[in-house]
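Heads up: the structure comes next, in C-alpha cells.
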Amino acid sequence: MSRGAGEPAVEAVGVAKAFGRTPVLRDVTLTIARGEALAIFGPNGAGKSTLLRLCATLYRPTAGTLRLLGRDDRGPDVRRRIGLVSHQSLCYPDLSARENLTFFARAYGAPNPESVADAWLDRVALTDVGARPVRVFSRGMEQRLALARALVHAPDLILLDEPWTGLDAAAADLLQGILAALRREGRTILAATHDVARGLAVADRAIVLHRGRLEWESAVGADTPAALDAVTRRLRTPAAA
Amino acid sequence: MWTILQKDLLLELRTREALSALVVLMLLILLTFTFAFDPAEAATAAPAVLWVTFVFAGLLAVQRTFLIERENGSWYGLLLSPIDRGAIFVAKMTGNLIVLAIAQVVLLALLALLLGVEMPRAPLALFVVNGLGLVGFSALATLFAALSVRLRAREMLLPLLVLPLLVPVVICAVEASRVVLAGGGAADAGAWLRVLATFDVIFTVAGWLLFEQLVQE
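In the order they appear, the protein sequences are chains R and U.
Position 26 of the first sequence, counting from 1, maps to 682 under this note's numbering, and the rest follow consecutively.
Position 68 of the second sequence, counting from 1, maps to 712 under this note's numbering, and the rest follow consecutively.
This is the structure:
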C-alpha cells in the first residue's frame, strides 16, 4: 500500500450535502485512516448512502471539504482507487455476468480483463452462470456480481452500501470472507448497514448517523453492541428527534 | 472510449431496440407524408421529408442510449470508472452516429420506394451531406439526452431542448440535400456544407467540454 501512505483514506471536515432545499448530511467531520474498516449505522434517511456516494465521487459536498485518498480532486487517478457496492448492481442487465466484469475491468485499465473477470466470477461463486444475462439473476446472485464489479480493479477504498441485503447465509458468509481478506490486505472499508452483527464483525470502528448528523462513534469492542443499542434507543425518543 | 462504444454496440446488436424503433417510426412518418403529398410534389419535398423524419425518429434512438444506462444504475458504474467524461460523450455520440447512419440508409431506401425519389448522380456528395448532418445531430442530441435523462418529463423535454438548437443544422442539411438530390455535386452545396461542418465542430467540442459538468450531481 505505497500510494499516498500516511494520508487518511477519507478526511471530511464540516461536510454537508443538500438536494435542493433538503439537507441530507449536516456538518460531518470524520477521518478514516488507511486500512481502517468503518461500519456506518443509522435509520433510513440518516444519510449513510449519501455519505458513501460522496466518498465515491458521485456527489460533491454542498459545504465543507472532503479529501479522498489524500487528494482534493475527483479525477481518474482517485476514481480508479475506489470501489462502490450500491443498492443497485450497476451492471448491464442485457450483458452476461462475464461480459459485465470484463467491461468494467477494461474500463479500469486491467491488463488482462477476461482473466480478471473469470477470477472474480470464481471468487463470488458465479462461474457456472457467468454466461447468463444479468437480467435473469436472482437478487443474491446480482449482489455477488455487484461485489465482484466493485472489486474487479482492486480498489484501495471500498464503499459498501447494504452489502448483505438479499444474500442467503452461505453468500453472506462468502462476502464476510472476502471482506476479511480485503482487511488483511490493508484496504480501507466503509460499510453502511442495518445488520449490526455483520457490520461490527468486519469493522474496527463504528459510527451512527441520524438525520444527517454524526451522532456517535466508537472503536469496536466487546461492549459496542450494547452501546450501539443504547444510542439507537436514545435517538428514537421524541426529544432526540 | 472504445470500451464503451464496443459495449453500446453489443447491447444494441443484442436487443435491437433503438434501431427497430427508429425504422418503424421512420416508416410511419414516411407513410403519412406519402399520403399528404401529390406524387408530382413528392420529389421536391424529399429533402425536407428526409431530415424531418430523421430528426424526430432519431431523437427517440438517442434518448435510448442513456436510458439503458439508468437500468440497474449502470450509469453510476460508468461515472465511477476512471474513463474521462469527455471520452464517455465521444463514445456515446459515436455509437449514436453508427446506429443513425444505418437508419439513414434505410430511410433513403424508403424514400426511393415510397416517394419515388431518384438516387443522385453523385452518391458521394449525398454521403458527405448526410454524414455532416448526422454528426451535428448526434453531437447535440447526445449532449441533451444526457441532460434530460435525469428529468421526470424527459420524453417531452428532449425535443423541446434540442429542436430549437438543431434548426441551423436542419436548414443546412435540407438545403445541401436539395442541391445534391437535384443532381448537383458537393461543390455546388459548398456554402451549406461549410456552415454544417462549422456547427458540427462547435457542437462536438461543446459536448466534449460540457459533459463532465452535465453529469455531475
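We put the beta carbon where it would ideally sit given N, CA and C, even for glycine.
DSSP-derived helix/strand/coil call for residue i
i: G780 of chain U; result: helix
i: S752 of chain R; result: strand
i: S725 of chain U; result: coil
i: F697 of chain R; result: strand
i: E875 of chain U; result: No statement about residue 875 of chain U is possible, as the shown extent of chain U runs from 645 to 861 and does not include it.
i: S658 of chain R; result: For S658 of chain R, the pLDDT reaches just 42, beneath the cut-off of 50, and the residue's location in the model is therefore unreliable, leaving the point undetermined.
i: R795 of chain R; result: helix
i: F788 of chain U; result: helix
i: F675 of chain R; result: strand
i: P789 of chain R; result: strand
i: V858 of chain R; result: coil
i: H866 of chain R; result: strand
i: L795 of chain U; result: coil
i: L681 of chain R; result: strand
i: T821 of chain R; result: coil
i: S874 of chain R; result: strand
i: R723 of chain R; result: strand
i: V849 of chain U; result: helix
Local Cβ density within 10 Å of residue i, reported as buried at 16 or more and exposed below that
i: M797 of chain R; result: buried
i: T713 of chain R; result: buried
i: E770 of chain R; result: exposed
i: F781 of chain U; result: buried
i: W646 of chain U; result: exposed
i: A701 of chain U; result: buried
i: N716 of chain U; result: buried
i: P683 of chain U; result: exposed
i: N756 of chain R; result: buried
i: F710 of chain U; result: buried
i: G698 of chain R; result: buried
i: M800 of chain U; result: exposed
i: T849 of chain R; result: buried
i: D652 of chain U; result: buried
i: G739 of chain R; result: buried
i: F679 of chain U; result: exposed
i: D604 of chain R; result: With chain R covering 657 to 897 only, the question about residue 604 of chain R has no answer from this structure.
Residue i: contacting residues in chain R (beta-carbon distance under 7 Å)
i: Q860 of chain U; result: R716
i: T585 of chain U; result: An answer regarding residue 585 of chain U cannot be provided, because it is not within the stretch 645 to 861 covered by chain U.
i: S718 of chain U; result: L746, C747, Y748
i: R658 of chain U; result: D750
Neighbourhood of residue i by C-beta, 7 Å cutoff - its chain only, sequence neighbours within 5 removed
i: V680 of chain R; result: K673, A674, G703, T706, G868
i: W852 of chain U; result: G730, F733, V734
i: F760 of chain R; result: R805, V808
i: A878 of chain R; result: none
i: W719 of chain U; result: E713
i: V845 of chain U; result: none
For residue i, the nearest candidate out of the options (CA to CA)
i: A705 of chain U; options: U:P726, U:R660, U:I732; result: U:R660
i: R677 of chain R; options: R:G842, R:P881, R:T718, R:R800; result: R:T718
i: L784 of chain U; options: U:M737, U:R765, U:E799, U:L723; result: U:M737
i: G670 of chain R; options: R:R723, R:R727, R:G701; result: R:R723
i: L694 of chain R; options: R:A882, R:A886, R:L856, R:A825; result: R:L856
i: W695 of chain U; options: U:V793, U:R822, U:F681, U:I846; result: U:R822
i: D860 of chain R; options: R:D851, R:A847, R:E871; result: R:A847
i: H743 of chain R; options: U:P726, U:G721, U:L854, U:S725; result: U:G721
i: A826 of chain R; options: R:P664, R:Q799, R:V741; result: R:Q799
Contacts that residue i makes with chain R (C-beta to C-beta distance below 9 Å)
i: G730 of chain U; result: Here the premise fails: no neighbours, minimum Cβ distance about 11 Å.
i: L755 of chain U; result: None at all; the shortest Cβ gap to chain R is about 32 Å.
8 Å Cβ shell around residue i - same chain, five flanking residues per side excluded
i: A766 of chain R; result: V772, V808, H809
i: L791 of chain U; result: L805, L858
i: P812 of chain U; result: V839, F843
i: E656 of chain U; result: A662, L663, G739, V743
i: R659 of chain R; result: Confidence at R659 of chain R is low in this model, with a pLDDT of 48, below 50, so the placement of that residue should be treated as unreliable; the coordinate-derived value is given next. So the qualifying residues of the chain are L725, R737, D812.
i: R730 of chain R; result: T713, R716, L724
Within chain U, partners of residue i - CB distance below 7 Å
i: I845 of chain R; result: Those within 7 Å of I845 of chain R in chain U number zero; the least Cβ separation is about 16 Å.
i: R735 of chain R; result: L724, S725, P726
i: L777 of chain R; result: Ordered by position in chain U, no residue passes the 7 Å Cβ test against L777 of chain R, which lies about 17 Å from the chain.
i: S742 of chain R; result: G717, Y720
i: A712 of chain R; result: L724
Per-residue contacts from residue i into chain U (C-beta, under 9 Å)
i: P732 of chain R; result: S725, P726, I727, D728
i: I814 of chain R; result: Those do not exist, as I814 of chain R stays about 12 Å from chain U at its closest Cβ, beyond 9 Å.
i: K828 of chain R; result: It is Ala, not Lys, that sits at residue 828 of chain R in the sequence shown. Here the premise fails: no neighbours, minimum Cβ distance about 21 Å.
i: I602 of chain R; result: Outside the modelled stretch of chain R, which goes from 657 to 897, sits residue 602 of chain R, for which no answer is possible.
Contacts around residue i, its chain only, beta-carbon distance under 6 Å, and the 5 residues preceding and following it disregarded
i: A850 of chain U; result: none
i: L891 of chain R; result: H866
i: G777 of chain U; result: A817
i: A828 of chain R; result: W820
Chain-ordered neighbours of residue i on chain R, where CB pairs are closer than 8 Å
i: G721 of chain U; result: L746, C747, F760, R805
i: L655 of chain U; result: Y748, D750, L751
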